[in-house]
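The structure appears right after this line, and notes come after that.
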Amino acid sequence: MTSLAEASPPPPDTAAPDGRRFTIKPGAPAVTGHVDGAWWPHSRDLVAELPSLVAEPDAGRVDRVSYSEADWDTTPRRTVVDGSVVKLGRYRTLPPHTMNVLDGGRWRTILVIPPETPARDAERALAAAGRAGNSDTVDDLLRTPTTDEDLR
């Protein structure tokens, strides 16, 4: 198996088959695994991508985002999304491909699927990360299946 981070970039119009780019476990945040859900942004520009995250009905009210510095372009310390200030903090100590989102007083750990991930692999990671009881690691969620057996 190879890492999604090593995958070739897809064509610019690639999207998940059902159009989903965000999933959250039912009842999250509950201690059921390494992540509470997943997000597949279109780019590495966090300020440009945040409105799509905030627009997700299951994302809740996003007040603060702590993100892995390696996953995103340089960002300001805060931005305004839909008239609300969202505080942003980059950290070198957060695991790669994750972000912590403060949603109305609750922290959720979200898997960040690299934007260049092929749609089939992103859809698989979105579905797994949003499944109740999933306890896969970030590396397992982002692992690219190499055989039909790996897809099961």
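In case it helps, the working numbering puts the sequence shown at residues 3 to 154.
Every residue, glycine too, gets a C-beta built ideally from N, C-alpha and C.
This structure is a prediction, so every number in the text was calculated from the model and none was measured.
For the 8 angstroms CB-CB criterion, threonine 25 and alanine 121 do not form a contact. Where leucine 55 is concerned, the enclosing alpha helix (DSSP H) starts and stops at 48 to 56. Residue environment for tryptophan 74: buried (at least 16 other C-beta atoms within 10 angstroms of its C-beta). By the C-beta density criterion, histidine 44 is exposed, having fewer than 16 other C-beta atoms within 10 angstroms. In the displayed model, alanine 124 falls within a helix according to three-state DSSP. For leucine 113, there is no enclosing alpha helix (DSSP H); the residue is found in the beta strand (DSSP E) stretching over 108 to 114. Cβ atoms of proline 78 and valine 49 come within 8 angstroms of each other, at about 7 angstroms. In the structure shown, valine 88 adopts extended strand secondary structure according to DSSP, grouped into three states. Serine 137 places its beta carbon 8 angstroms or farther from that of histidine 99.
One thing to note: aspartate 105 has its Cβ within 8 angstroms of the Cβ of glycine 62.
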